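Below you'll find the structure, written out as structure tokens, and then a few comments.
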């Protein structure tokens with residue numbers, strides 16, 4: 001609990017100047033909001049996003065994740081195979097399968113052998129999967145904000161995306177949050 | 188510190204980052220102010236992580252020890 005001492009309003013101006021505002025107590029430091037821009041959609045980067053987002057929330061920070069471009073593909077429901085309305089959108093989803101369980105590595109993907117080994121190792125060392133971490137992050141109150149422009153470009157609707165996504169937003173929301181002091185992280 | 192004072196225990200042994208911290212954050216929600224939470228972990232990174240978590244959340248780390256590769260942290264709900 002923080003204590004603030006207010007000067008009485010009727011205090012004469014000739015009085016000693018008001019003391020400087022006290023810094024936040026050591027037990028209650030002021031925490032910046034965290035804003036992650038999930039842009040790339042690759043397996044290792046999706047993993048990093050989910051680990052950092054769930055940790056931020058566990059540490060008491062308000063954490064938001066703006067999902068845009070390839071990052072949005074991560075948040076399409078796993079069971080959706082072909083998405084989009086026109087042939088280009090549908091072909092793009094065919095070429096790169098959407099869904100958090102179907103992410104590829106940016107390096108050493110080797111037709112899926114890299115991700116398969118990563119998942120095996122993660123299991124062996126009890127590292128939670130991106131999908132599990134997404135559920136944890138959502139349970140801890142992380143807000144996932146899809147990019148409206150990317151949804152339009154890929155022909156995605158809210159029904160294509162996983163449960164619990166926030167309202168679609170645009171770049172101005174993201175910049176606004178940064179201007180208000182959110183610590184930004186571009187992944 | 189006797190075991191009687193511990194209000195809740197979290198066994199995060201074997202779990203990797205960030206799950207020991209996540210489980211701690213979830214468990215401490217259920218405690219009332221002043222109660223103690225004990226966490227057991229084997230993740231070596233958790234030594235620094237629990238210090239950082241305590242500092243950020245304001246729930247003090249009142250005790251820590253390591254024995255046979257198991258780290259024990261005692262946290263007090265603020």
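Chains as they are written, first to last, in the numbering used here: chain A, 1 to 187; chain B, 188 to 265. Don't be surprised by glycine CBs; every beta carbon is placed ideally from N, CA and C. Since the model is a prediction, treat every value here as computed from it, not as a measurement.
* **Reference residue 240 of chain B, options B/211, B/216, B/203, closest by Cα** => B/211
* **One or two residues paired with residue 198 of chain B in a DSSP bridge** => B/227
* Would you mind giving the Cβ-Cβ distance between residue 224 of chain B and residue 195 of chain B, rounded to the nearest angstrom? I have them listed as a contact below 8 Å. => 5 Å
* Asked: Any idea if residue 159 of chain A is buried or exposed, counting beta-carbon neighbours within 10 angstroms, 16 or more meaning buried?
  -> exposed
* **Any C-beta of chain A under 8 Å from that of residue 249 of chain B** => no
* Find the residues of chain B that neighbour residue 60 of chain A, judging by a C-beta separation of less than 7 Å, and give them in chain order. => 243, 244
* To do: Report the three-state DSSP secondary structure of residue 24 of chain A (helix, strand or coil).
  => Residue placement at residue 24 of chain A is flagged as unreliable, the pLDDT there being 48, under the threshold of 50; the coordinate-derived value follows with that caveat. Three-state result, residue 24 of chain A: coil.
* May I have the straight-line CA-CA distance separating residue 79 of chain A from residue 153 of chain A, to the nearest angstrom? => 20 Å
* Asked: Going by C-alpha distance, which of A/33, A/59, A/96, A/145 is nearest residue 214 of chain B?
  -> When only C-alpha atoms are compared, the closest one is A/59.
* For residue 39 of chain A and residue 24 of chain A, the rounded distance between their alpha carbons -> Summary for residue 24 of chain A: the model assigns pLDDT 48, below 50, so the residue's position carries little reliability, and this model does not support an answer.
* To do: For residue 228 of chain B, decide whether its Cβ has a neighbour in chain A, counting only Cβ atoms nearer than 8 Å.
  => no
* Does residue 201 of chain B get closer than 8 Å to chain A when you measure Cβ to Cβ? -> yes
* **Interface residues of chain A facing residue 209 of chain B [CB-CB closer than 8 Å]** => 54, 55, 58, 136, 140
* Asked: Are the beta-carbon atoms belonging to residue 134 of chain A and residue 100 of chain A less than 8 Å from one another?
  -> In this structure, residue 100 of chain A lies closer than 8 Å to residue 134 of chain A by Cβ.
* Asked: Going along chain B in order, which residues have a C-beta closer than 8 Å to the C-beta of residue 65 of chain A?
  -> Those do not exist, as residue 65 of chain A stays about 15 Å from chain B at its closest Cβ, beyond 8 Å.
* Limits of the alpha helix (DSSP H) - the one that residue 52 of chain A falls within -> 43-58
* Simplified DSSP state of residue 39 of chain A, which is helix, strand or coil -> coil
* Buried or exposed: where does residue 157 of chain A fall if 16 or more other Cβ atoms within 10 Å of its Cβ makes it buried? -> exposed
* Taking Cβ positions only, does residue 194 of chain B come closer than 8 Å to chain A? -> no
* Going along the chain, which unbroken runs of the alpha helix (DSSP H) with 4 or more residues stay wholly within the segment 103-127 of chain A? -> 113-124
* Proximal residues of chain B, C-beta to C-beta of residue 39 of chain A below 8 Å -> Result: empty, since nearest Cβ-Cβ is about 21 Å, beyond 8 Å.
* Which residues of chain B have a Cβ atom closer than 8 Å to the Cβ of residue 51 of chain A, listed in chain order? -> 204, 205
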